[in-house]
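*Asks:*
Pasting the structure below:
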């Protein structure tokens, strides 16, 4: 076991692949589980904006899965966010995204696994789907090793190997590359995870089956991979300079939110005390605003740093499940609803009329409500014909078309999240369409990949398809909490 390491010297590996579908998630999650089972504190990370894989990582390690996204947060925040997540850990495993050198379209290496590996000074283990290869695997690995000399490929794990004879052929071919084979995995149906229209089914929707799958991944990796060699390779990572990201420090270094909010109109009337009303004032200071954070199976998409920033800004963050809870957390003065799969649970969400009504009433009083993607759908009048919260004069429906990609956006007007002109980067990933009513004010002007307006700002509501990472703009959290205090 590796113990007593400083944050900047935490041993670390990046698990990458030539392309999507090669087995990165199986290997990364399995390695996390196998090392955790041996008593190591493993820090799990995922390159890119994906929310689902970190859920499996958390299950494997018992720690929050965290994202490292150079597009959403900037390359300068990758190492500090990594160090924040890796505090107190013996080793870190970083799962890549897509192919090793694939990143934001038209932006070179930006947001690629290769860029993150270089920023973290971490060795890369390349997972290769060898199911239809023999000697050609050597040419493939050689190409990835030589493409960018700053990316250190320290080993190969061969996945979906058909037989012992197939393994021998692959090993013989790779000897010429000088890259060690650090694992060989056979096909194993028991470690397959089910998928649907937006990727893997989240852990929260298949808890027992997910536990079984993660345990199987861990057993497969432990049996087929050289764990000691992988740990030794992780220990060869270069030291990282600089301090770990801290939500409190991030808020101190961000500009204060301008108050009052000029575009929000007159201050709303004081809401009643009770569910949805303000928490009684503490004897030694102002009331602590309660921010209700949506969770449960329908709303699993949320970056851990959002809740940490809200807490650092002075809020009491309380999670609620719109599928089960008929009331918001007591004293809630603001609501944050992230992404997920409301289209899968539309009937159950619609059936919870009491909660839908309470959210609508809270929004009508001018309380701050921030919603992303799934949260946007939940705030509409209806989703696929089923009544939702009715906060927005808009109708949502499923679509055959996948909308996917990074977005460069600017706030069109003032809102509870951002002042007009604020630039943020986001990510869009959905198969739904929202048809707005007349007179809706947009949230964002999107500049990449095409110019358009997007989302809704109405009173204290900010709703949008864009997933954003608040670590890139900590003032968003402080602005939201300040609005909670004054609404």
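Numbering (my numbering), first residue to last: 100 to 586. The C-beta atom is built at its ideal place from N, Cα and C for all residues, glycine as well. As the structure is a prediction and not an experimental result, all values here were calculated from the model.
1. Could you give the DSSP three-state label for residue 440: helix, strand or coil?
2. Could you tell me whether the region 162-182 touches the region 231-248, using the rule of 3 or more Cβ pairs below 8 Å?
3. By DSSP, does residue 324 sit in helix, in strand, or in coil?
4. Who are the near neighbours of residue 244 in its chain, counting only those whose CB is closer than 7 Å to its CB and skipping five residues on each side?
5. Taking the alpha helix (DSSP H) that residue 589 falls in, what are its first and last residues?
6. Hey, residue 67 and residue 143: beta-carbon distance below 8 Å or not?
7. Could you give the distance in angstroms between the alpha-carbon of residue 49 and the alpha-carbon of residue 223?
8. I'd like to know whether the C-beta atoms of residue 565 and residue 530 end up nearer to each other than 8 Å.
9. Which partner residues does residue 243 have in the DSSP bridge list?
10. For residue 129, does the three-state DSSP call read helix, strand or coil?
11. What is the DSSP secondary structure of residue 194, reduced to helix, strand or coil?
12. Mind checking residue 591: buried by the 16 CB within 10 Å criterion, or exposed?
13. Does the beta-carbon distance from residue 425 to residue 454 come in below 8 Å?
14. By the DSSP assignment, the alpha helix (DSSP H) with residue 399 in it spans what residues?
15. On the criterion of 16 or more Cβ atoms from any shown chain inside 10 Å, does residue 259 qualify as buried, or is it exposed?
16. Could you pull the DSSP bridge partners for residue 415 from this structure?
17. Just to confirm, is the Cβ distance from residue 467 to residue 511 under 8 Å?
18. Anyone know if the C-beta pair for residue 579 and residue 433 falls short of 8 Å?
19. Let's test the definition: count the other Cβ atoms within 10 Å of the Cβ of residue 145 and tell me whether it reaches 16, buried, or not, exposed.
20. Kindly indicate which residue of 307, 189, 173 and 395 has the alpha-carbon position closest to the one of residue 206.
21. Which whole-angstrom value is the C-beta distance of residue 347 and residue 401, which I expect to be below 8 Å?
22. Report all residues from its chain with a CB closer than 7 Å to the CB of residue 488; omit the five preceding and five following residues, and keep chain order.
23. Pull up the distance between the alpha-carbon of residue 221 and that of residue 175, whole angstroms please.
24. Shortest alpha-carbon distance to residue 345 belongs to which of 181, 474, 584 and 390?
25. Considering Cα atoms alone, identify which of 238, 440, 333 and 140 is closest to residue 151.
26. Name the two residues that bound the continuous beta strand (DSSP E) containing residue 253.
27. In the DSSP assignment, find the beta strand (DSSP E) that holds residue 563 and state where it starts and stops.
28. From this set, 571, 230, 392 and 141, which residue's C-alpha is nearest residue 177's C-alpha?
29. Taking the alpha-carbon positions, what's the residue 266 to residue 121 distance?
30. Leaving out five residues on either side along the sequence, give the residues of the same chain with a beta carbon under 6 Å from the beta carbon of residue 62.
31. What are the residues that DSSP puts in a beta bridge with residue 182?
32. Can you list, in chain order, the residues of its chain with a C-beta nearer than 7 Å to that of residue 261? Leave out the 5 residues immediately preceding and following it.
33. Have a look at 313, 581 and 342 and flag the residue whose alpha-carbon is nearest the alpha-carbon of residue 410.
34. Closer than 6 Å by C-beta to residue 314: which residues in its own chain qualify, once you throw out the five before and the five after it? Chain order, please.
*Replies:* Quick look at the numbers:
1. coil
2. no
3. strand
4. Closer than 7 Å at Cβ, skipping near neighbours: 252, 276 and 278.
5. Missing from the structure shown is residue 589; the chain here goes from 100 to 586 and no further.
6. What the structure shows of the chain is the stretch from 100 to 586, and residue 67 is not part of that stretch, so it cannot be assessed.
7. Since the first residue shown for the chain is 100 and the last is 586, residue 49 is missing from the structure and cannot be characterised.
8. Cβ atoms of residue 565 and residue 530: not closer than 8 Å.
9. DSSP output for residue 243 lists no bridge partner at all.
10. Residue state, collapsed to three classes: helix.
11. strand
12. In the structure as shown, the chain begins at 100 and stops at 586. Residue 591 is therefore absent and cannot be evaluated.
13. yes
14. Neither: residue 399 is in no alpha helix (DSSP H) and is coded neither H nor E.
15. buried
16. DSSP output for residue 415 lists 389 as bridge partner(s).
17. Contact flag unset, no.
18. yes
19. buried
20. 173
21. Their Cβ separation, rounded to whole angstroms, is 20 Å, which puts residue 347 and residue 401 out of contact at 8 Å.
22. These residues qualify, in order along the chain: 455, 458, 459, 477 and 478.
23. 16 Å
24. When only C-alpha atoms are compared, the closest one is 181.
25. 440
26. For residue 253, the uninterrupted beta strand (DSSP E) run begins and ends at 252-260, by DSSP.
27. 560-563
28. 571
29. Cα atoms of residue 266 and residue 121: separation of roughly 17 Å, rounded to the nearest angstrom.
30. Residue 62 falls outside the range modelled here, since the chain spans only 100 to 586, and no answer is possible.
31. Its beta-bridge partners do not exist; DSSP assigns none.
32. 230
33. 581
34. none
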